[in-house]
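Numbering follows the UniProt record's numbering, in which position 80 of the sequence shown is assigned residue number 80; successive positions increment by one, without gaps. Below is one structure, written out as structure tokens; the observations come after it.
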Amino acid sequence: MSRSGSKEKPDILTQEKELIKSKLSATTLSTTSSVDDILTSSDSITKLSSKLHSSTSDIAEEKIEKPLDYGKMDIYQLLDPGNHGGEHFKEKMSPFRYAFREYLTRYTNTQSEMLYRWQVKYRTPTRDKFFAYTSLMGSHTFFVVFLPVPLWVGHYHLCMDMVYVLGYSLYISGYLKDYWCLPRPRAPPLERISLSEYTTKEYGAPSSHTANATAVSLWLFLTLYLTDAFSVPMKLFLVFLILAYYFTLVLGRLYCGMHGVLDLASGAIIGVITFFGRLIIKYAGPMLKIDLTDHVWYPIFSVSFGLVLLFKHVRPIDFCPCYEDSVAFIGVVCGLEFSNWLIRYKDFQTVFQLNDNHEWYFIPAKIIVGVICVLIWKYVIAKPVIYGILIHIFRFEDYHVETIKSEGTIDSINKTEEFECELHYDIPKLDVYGRFFIYAGVPSTVFLVCPIVYYYLDLV
Numbered sequence: 001m002s003r004s005g006s007k008e009k010p011d012i013l014t015q016e017k018e019l020i021k022s023k024l025s026a027t028t029l030s031t032t033s034s035v036d037d038i039l040t041s042s043d044s045i046t047k048l049s050s051k052l053h054s055s056t057s058d059i060a061e062e063k064i065e066k067p068l069d070y071g072k073m074d075i076y077q078l079l080d081p082g083n084h085g086g087e088h089f090k091e092k093m094s095p096f097r098y099a100f101r102e103y104l105t106r107y108t109n110t111q112s113e114m115l116y117r118w119q120v121k122y123r124t125p126t127r128d129k130f131f132a133y134t135s136l137m138g139s140h141t142f143f144v145v146f147l148p149v150p151l152w153v154g155h156y157h158l159c160m161d162m163v164y165v166l167g168y169s170l171y172i173s174g175y176l177k178d179y180w181c182l183p184r185p186r187a188p189p190l191e192r193i194s195l196s197e198y199t200t201k202e203y204g205a206p207s208s209h210t211a212n213a214t215a216v217s218l219w220l221f222l223t224l225y226l227t228d229a230f231s232v233p234m235k236l237f238l239v240f241l242i243l244a245y246y247f248t249l250v251l252g253r254l255y256c257g258m259h260g261v262l263d264l265a266s267g268a269i270i271g272v273i274t275f276f277g278r279l280i281i282k283y284a285g286p287m288l289k290i291d292l293t294d295h296v297w298y299p300i301f302s303v304s305f306g307l308v309l310l311f312k313h314v315r316p317i318d319f320c321p322c323y324e325d326s327v328a329f330i331g332v333v334c335g336l337e338f339s340n341w342l343i344r345y346k347d348f349q350t351v352f353q354l355n356d357n358h359e360w361y362f363i364p365a366k367i368i369v370g371v372i373c374v375l376i377w378k379y380v381i382a383k384p385v386i387y388g389i390l391i392h393i394f395r396f397e398d399y400h401v402e403t404i405k406s407e408g409t410i411d412s413i414n415k416t417e418e419f420e421c422e423l424h425y426d427i428p429k430l431d432v433y434g435r436f437f438i439y440a441g442v443p444s445t446v447f448l449v450c451p452i453v454y455y456y457l458d459l460v
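Rendered as structure tokens:
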């Protein structure tokens, strides 16, 4: 739907209001206000979108076979990025980028009806809860908390490898999401089952959950193949767990209405590429006798390379929050590389004393203490320290103060029509650097601080 002038809005609203009234009545939505109040209130679109998204659970229970009429739902479909017509993207993209996107839309424009019928057929309340909660295994908060666990029980290199494949699979998938600007499957008719509204506001393809799961699963399979620490029955059991993790996370994206087949296929390809990329770099370097970490300038190179990746990131057309995840994980990778360099350059051996050759209760004790250390850094220490340094020492402008004083804020700079998602706006450099260094501090806490804490608590 192309953006129209204000004179056309009353006609559009009149037509769409009647349609939405009938949909709301048919699905017996419970609300304390009338439909007219919802449609005319200042936060009407937020209320309307959430009610319409939740209404398909009732439709699923009734096993309705006839799909909804997509053509009459632009009024709320445009709240999600990627759903505008071709002209919206053509005028803002290069010819090659636009042609690439148009080629891929043939796979996304027809996916919603098929996925809707599949969701209606298999949905149950139990499965809803199962796939909603297991989807958290693909969130960056889950990775921040659980990725350090291998290190804390003595598997230093496994922890590093996992950070690399996760960080770069997420960056590449986020880059392509913003480059292609492809929509998620339409909701409605689908219902998006998610514990986080944040993730529903991203573009569709490729699926970062699938990219992460593919890269991680392949690396775990490789690790199992190379180790002699487990018996054959135990290896088979661990293979089963890895496969269960993979298919639960990937198929859950279809079940939850968050992704289509193109999204999953492209995400899996990115995961495979990331896996082989890490494999080549890890084993080709020693064979060629190349080790950049031996040089004193390596931390500067690592941080500079990470910031180049972030500031040369493609600009999406509509607002999409996946860039923030890219900033976080590139920060984690750079923090990991700095910590690894410092450990080797300064011969910091405490981290290598972490192992699992203790009583069983040492492992949960180290995990609990380690998680507490990470949470203290991320949620108590990091933001005031990092932002204080950036603002008061490096003189970054504190836009938070400026926008509060002015009439306009970042949320209104590139505001589109009331019934559309926002256009893309640049995140202030203060927030990019701030988020980058906050997350860079996470692996530094894990690799440098936690071993010292364990030492004084007699956990090593």
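Note that beta-carbon positions come from the ideal geometry of N, C-alpha and C, so glycine has one too.
When Ala382, Ile269, Ser266 and Ser169 are compared, the shortest CA-CA separation from Ile438 is found for Ala382. For Leu423, the pairing in a beta bridge is given by DSSP as Asp318. The continuous alpha helix (DSSP H) containing Trp219 extends over residues Ser208 to Leu226.
By the C-beta density criterion, Glu337 is buried, having at least 16 other C-beta atoms within 10 angstroms. Using a Cβ distance threshold of 8 Å, Arg101 and Trp219 do not count as a contacting pair. Gly167 is positioned such that its CB atom lies closer than 8 Å to that of Val333.
In the three-state reduction of the DSSP assignment, Lys129 falls in the helix class. Cα atoms of Met234 and Cys159: separation of roughly 21 Å, rounded to the nearest angstrom.
Ranked by Cα distance from Trp341, the first of Phe362, Lys129, Ile363 and Asp294 is Asp294. The Cβ atoms of Asp318 and His424 lie closer than 8 Å to each other.
Look at the region 84-139 and you find these whole runs of alpha helix (DSSP H), each 4 residues long or longer: 86-90, 95-108, 111-122 and 125-134.
Per DSSP, the unbroken alpha helix (DSSP H) holding Phe275 starts and ends at Val261 to Met287.
Residue environment: Thr210 is assigned as buried (16 or more neighbouring CB atoms within 10 Å of its CB, all protein chains considered).
Residue Arg435 holds the alpha-carbon nearest to the alpha-carbon of Pro384 among Ala132, Cys450, Arg435 and Asp426. By the C-beta criterion, the region 269-288 is judged not to be in contact with the region 304-320, since fewer than 3 inter-stretch pairs fall below 8 Å.
Under the 10 Å beta carbon count, Arg184 is surrounded by 16 or more other beta carbons and is classified as buried.
Judged by beta-carbon spacing, Thr199 lies beyond the 8 Å limit of Gly267, meaning their Cβ atoms are not closer than that value. Under the three-state reduction of DSSP output, Gly154 falls in the coil class, being neither helix nor strand.
Judged by beta-carbon spacing, Thr134 lies within the 8 Å limit of Gly252, meaning their Cβ atoms are closer than that value. Of the residues assessed, Phe142 falls on the exposed side of the cut-off, its CB having fewer than 16 other CB atoms within 10 angstroms. For Phe362, the CB contacts under 7 Å within the same chain, skipping 5 residues up- and downstream, are Leu459 in chain order. Of the other Cβ atoms in all chains shown, fewer than 16 fall within 10 Å of the Cβ of Glu87; this residue is therefore exposed. Its chain contains Asp80, Pro81, Phe319, Cys320, Pro321 and Cys421 as the residues whose beta carbon lies nearer than 8 Å to that of Lys201, once the 5 sequence neighbours on both sides are disregarded; these appear in chain order. Look at Trp180 here: in three-state DSSP terms it is helix.
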